[in-house]
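Going by our numbering, the sequence shown wraps up at 181, each residue one higher than the last. Just so it is clear, CB atoms sit at the ideal spot from N, CA and C, and this is done for glycine as well. Here the structure comes first, spelled out in structure tokens, and everything after it is commentary.
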Amino acid sequence: MKSIQFTKFIITFVLLILWSNCTKDLCLDNYIGNWNFKVIIDSHTLPVTKEVHDTTNYQGTITRGETNDELKIQYSDTHIMAVHLNEDGTLSDYCFQPSNCSGSFSNDNTFKYHYGKQQRDIESSGTLFYSLNIEGYKISN
């Protein structure tokens with residue numbers, strides 16, 4: 041009788057370990073596929089000497105990255121972004137100062153990302169403000 045209980049305990053323990061190791065991988069697999077990306081770029085200098093506002097739609101892909109928590113997001117023909125995910129679906133903070141970035145998957149088929157920076161603009165002797173916003177919507181696996 042004790043050996044049956046011990047066997048059940050071992051099987052349960054092994055299944056729990058396997059399940060906990062696969063949870064994040066399975067979660068990442070939910071994001072992999074073909075996506076529509078809306079890319080919004082804004083930049084301006086203060087004092088205002090030049091402004092850029094551009095919105096472009098792309099079809100791209102999200103694939104697995106190099107590590108268990110990494111995804112590669114190709115949001116245009118020439119732009120690929122590698123991101124690391126926290127368990128809650130938010131992107132790990134990897135921006136360097138004075139830049140800031142944030143992003144998250146709100147569910148398996150919606151992605152939002154923001155990148156912003158501020159730097160000295162040599163041409164105008166002013167300050168350049170730049171932002172990149174990406175909204176993604178999954179279209180297929």
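{"Query": "Start and end of the beta strand (DSSP E) containing residue 141?", "Result": "140-147"}
{"Query": "Please go through the same chain and pick out, in chain order, the residues whose beta-carbon is closer than 6 Å to the beta-carbon of residue 97, but skip the five residues on each side of it.", "Result": "78"}
{"Query": "Smallest Cα separation from residue 169: which of 162, 158, 163?", "Result": "158"}
{"Query": "DSSP three-state call for residue 69: helix, strand or coil?", "Result": "helix"}
{"Query": "Report the rounded CA-to-CA distance for residue 177 versus residue 102, giving the unit in angstroms.", "Result": "11 Å"}
{"Query": "So, at 7 Å on beta carbons, what are the nonlocal neighbours of residue 114 in its own chain, with the 5 sequence-adjacent residues on each side left out?", "Result": "100, 101, 120"}
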